[in-house]
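Engineer:
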Amino acid sequence: MMKPFLKNLIEGLTFFCFVLVLGATQCWSADPTLARLAFWVPPDRMTEFEAAYETQVVPILKRHGFTEWQGPTRATVDSVFSRMFAFKTRAEYGERRPALYADRGFREGQRILGAAFGTNRPDGRIKMELNIYRSPAGPGSGVATGAGLGHWRTYDVTDGMTSNTVFSIVQDREGHLWFSTTGGISRYDGETFTTLVAKSDPATRPRMIFQDREGDLWFSTAGDGVSRYDGDTVTHVTMPDILSKNAPVSFFQDREGHLWFGTDGGGLYRYDGDTFTNFTGQDGLSKYRIISISQDREGVFWFGTNGGGISRYDGKTFTTLTQKDGLIDNRVRTGFMDREGVLWFGALGGVSRYDGKTFTNFTIKDGLPSNNIRSISQDREGALWFGTWRQGVSRYDPSAAYITSDSAGTGATEGLASQTFTTFTEQDGLASGSVASIFQDREGTFWFGTYGGGVSRFDRETFTDFTTQNGLLDNFVYSTFKDREGCIWFGTSNGATRFDGKTFTTFTAEDGLAHSVVFSVFQDSKGDFYFGTFDGLTRYDGETFSTFTAADGLAGTNMGGICEDRDGNLWIGSSAGVTRYDGETFSPVIKADGLSLYGNSIIQDQDGLVWFGTREGVIRYDGETFTTITTESGLALNRVSSIIQDQDGLVWFGTSEGVIRYDGETFSTFTTEDGLAFNTVLSVFLDREGTFWFGTFGGGVSRYDGKTWTTLTKKDGLVSNSISSITQDREGALWFGTGEGVS
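Spelled out as structure tokens, the structure:
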């Protein structure tokens, strides 16, 4: 006779039972995505539950397209009844799972099963889970690395500059920077601005600065011509009246050492140290205002003019090149010759690249933020920088392949939108969108002189920041990890991202992860990767993602820190405790509700002891016994977020009340009073040089060499002051994971 509870169960479920959907057994041409449906049932009632499952649950599953998988599977814990289902793709599973969960009959059935078998959750439904079990690895989403966001700082009149409009920038032999502004000449020694020429002097309007091969500086000023500064003395150079009245707006020193001055209406002057020679329209010069001067490898001069295009001078004859010849615009505003000998001209209509035969033009349709180009420069990596009017500065890599076409039939080619331009604006930290001058100093730092905003310092050497603008899929980074190949991994709130130096590749639930929220990333001694996610542990062997959950024996599904001991066992932290995995079996060894084990909160020390940082103190395991260390034992605070051991065997704990050092007997606490940036410490890291790095919640990162504390914050270039994780790459660079990106 049927037991009463089973009879009632069947009757209660009849309202959502439908005719079975008939279907033939599916043949899979490739490895399918497998999902496991697990129910928690008393071990002695498995047979009864199976009868209820086959009669009442299976029809609903089939109605939603669930096809049972008959292949080999892993064993589950004794209290779990499970079945495996196959899907053609991960996306198919992603569509059918929520549809099943939304089924009113399925939800009601869970409540009836929970009441019948006594394994109900607080809401009365039976404890169950439906999770990805195994999935062929998806390709991930690859994004080429952007330029990265360096550290910006602006200097203006409040810092001691003579004016906020900066026309030109040079660096002298001593390393000092010189800025010509509408208010005079300012020199910067790295700490202080000194004014050398001010409006009160006879030279009332300094325009340009130029440094010759001997290191002397030349200043042009409206109404007073040119002055030379040898490091000690400023000497006014006697020159023709017309040159004095028409201030030079461009300087150049040719191969013979002669100086050339392009004026603002007086034509062109060459100075051999004794005599000035003037070139005008009568000599063949196209216009009298000379904006830029260059000399190519053949010794030919190129003069950019305002309205007359480009004048070419071979030492005897001037030849004019204009829009008819392919130039982007006759109103040239700047000119530059790169390391390859290619000429670049910025005009009001865009940029022209001239290789000696052909003009290639770039405009906003190719990625430039504006067609009004005011300055051009080249950095150490060979990239070109274009300063624009009101739209910021744009970086372009000329080594990138591009497609061109001569659609207008002028002999000019047009760069197409396949080019990569990276633009920086006021939103990124630039003082003003109008950039008059660009300079890279000896240390690699960029300086952008602007119209009205002062000068912006851009440091890509100290910190480089990566966000969603530069390739990250998500800015919230929980963890950082370096793998055997030297790639850096980031566990984020939207997947696990791998950085190989050129490309960010992100894997999410769509590619096979148990969940897209990834708290931790780890690679074991076999080379397999483990991802601690919001909904289980996922293993990646290079081809397949396999997911483990509470049904496999994990203590909880909200996974945190991961560590491998000397015997090859994995120790996995979760919000419900710690699980040890020997490669075959998951064994919960510490169970405690509310236990937090994220980041580098599990380590094995030099003596083989395993340490666990938790919200309830520190737990130490010697291979036989678990010992809990709390405030009662001398620990300053029970909430421990991260742990490391130094070269001397001392163990360091990051807590919400500072950093604690433990020598085996005594606890020593370091706080803001000792030099720590902020007392809430999220991450602790020891670099190859033996220097400590403490990532804090809101105070930036503190560096401690054993004697001195140094703090770095957003002011120094960090993308955020809350540092969740730290790692070091093969080149020795440190990576800081934050809630706003990676530095």
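Numbers 19 to 761, taken from the numbering used here, label the letters of the sequence shown in order.
We treat Cβ as the ideally placed atom computed from N, Cα and C, and that holds for glycine.
(1) How far does the alpha helix (DSSP H) with tyrosine 111 in it reach, from first residue to last?
(2) Could you check what DSSP says for threonine 65 in three-state terms: helix, strand or coil?
(3) Please name the residue, chosen from Glu749, Phe57, Leu339, that lies closest to glycine 519 on a Cα-to-Cα basis.
(4) Return the chain-ordered ranges of every alpha helix (DSSP H) run that is complete within the region 347 to 398 and spans a minimum of 4 residues.
(5) Taking the C-alpha atoms as reference points, what is the distance between isoleucine 590 and arginine 205?
(6) Would you mind reading off the limits of the beta strand (DSSP E) that contains isoleucine 456?
(7) Buried or exposed for glycine 755, going by 16 or more other Cβ atoms inside 10 Å?
(8) I need the straight-line Cα distance from glycine 142 to glycine 550, nearest angstrom please.
(9) Please return the same chain residues whose Cβ sits closer than 6 Å to the Cβ of glycine 364, not counting the five positions on each side in sequence.
(10) Does DSSP classify serine 761 as helix, strand or coil?
(11) Thinking just about the alpha-carbon of each residue, which of Thr515, Ile580, Gly545, Asp546 is nearest to the one in valine 535?
(12) Compute the distance between the beta-carbons of threonine 200 and threonine 212, then report whether it is under 8 Å.
(13) Taking the CB atoms as reference points, tell me whether threonine 91 and methionine 102 lie closer together than 8 Å.
(14) Pick from Ile308, Arg114, Ile150, Ala569: whose alpha carbon is nearest that of glycine 284?
(15) From arginine 115 to tyrosine 173, what distance separates their C-alpha atoms?
(16) Pop quiz: arginine 475 and arginine 171 are said to be a contact at Cβ under 8 Å. What is the actual Cβ separation, rounded to whole angstroms?
(17) Return the CA-CA distance between phenylalanine 279 and leucine 286, expressed in angstroms with no decimal places.
(18) Where are the beta strand (DSSP E) runs, 3 residues long or more, that stay fully inside the region 193 to 280, in chain order?
(19) In angstroms, rounded to a whole number, what distance separates the CA positions of serine 743 and phenylalanine 380?
(20) Could you check if threonine 323 is buried or exposed, using at least 16 other CB atoms within 10 Å of its CB as the buried criterion?
(21) Among the residues of its own chain, which have a CB less than 7 Å from the CB of threonine 43, if the five just before and after it don't count?
(22) Where do the N-terminal and C-terminal ends of the beta strand (DSSP E) with valine 318 fall, by residue?
(23) Determine the DSSP secondary structure at lysine 145, reduced to helix, strand or coil.
(24) For leucine 402 and glycine 359, what's the separation of their Cα atoms in angstroms?
(25) Assuming proline 77 is part of the alpha helix (DSSP H), what are its boundary residues?
(26) Roughly how many angstroms lie between the CA atoms of glutamate 503 and phenylalanine 517, to the nearest whole one?
(27) Look at the Cβ atom of glycine 672, then the Cβ atom of valine 699, and state whether they are nearer than 8 Å.
(28) DSSP three-state label for glycine 755, please.
(29) Can you name, in chain order, every residue of its own chain whose Cβ lies under 6 Å from the Cβ of tyrosine 331, other than the five neighbours on each side?
(30) Since leucine 52 sits in a beta bridge, which residues does DSSP pair it with?
(31) Kindly give me the distance between the Cβ atoms of glycine 156 and glutamate 561, rounded to whole angstroms, as I take these residues to be in contact under 8 Å.
(32) Ordered along the chain, which non-local residues of its own chain (more than five positions away) have a Cβ less than 6 Å from that of alanine 573?
(33) Going by DSSP in three states, alanine 527 sits in which element: helix, strand or coil?
(34) Using C-beta distances below 6 Å, list every residue in its chain close to glycine 178, excluding the 5 sequence neighbours before and after it, in chain order.
Structural biologist: With the structure as the only source:
(1) 108 to 120
(2) helix
(3) Glu749
(4) none
(5) 58 Å
(6) 453 to 458
(7) buried
(8) 29 Å
(9) Arg351, Thr352, Ile391, Ile394
(10) coil
(11) Thr515
(12) no
(13) yes
(14) Ile308
(15) 57 Å
(16) 5 Å
(17) 6 Å
(18) 195 to 199, 202 to 206, 211 to 216, 223 to 229, 235 to 240, 243 to 247, 252 to 255, 266 to 271
(19) 42 Å
(20) buried
(21) Low local confidence applies: a pLDDT of 34 at threonine 43 is under 50, so the model's placement there is unreliable, and no value is given.
(22) Per DSSP, valine 318 belongs to no beta strand (DSSP E) and is neither H nor E.
(23) coil
(24) 13 Å
(25) 76 to 81
(26) 11 Å
(27) yes
(28) strand
(29) Phe319
(30) Ala104, Arg152
(31) At roughly 11 Å, the Cβ-Cβ gap does not stay under 8 Å, so glycine 156 and glutamate 561 are not in contact.
(32) Ser592, Ala594, Gly595, Thr597, Pro606, Lys609
(33) helix
(34) Phe211
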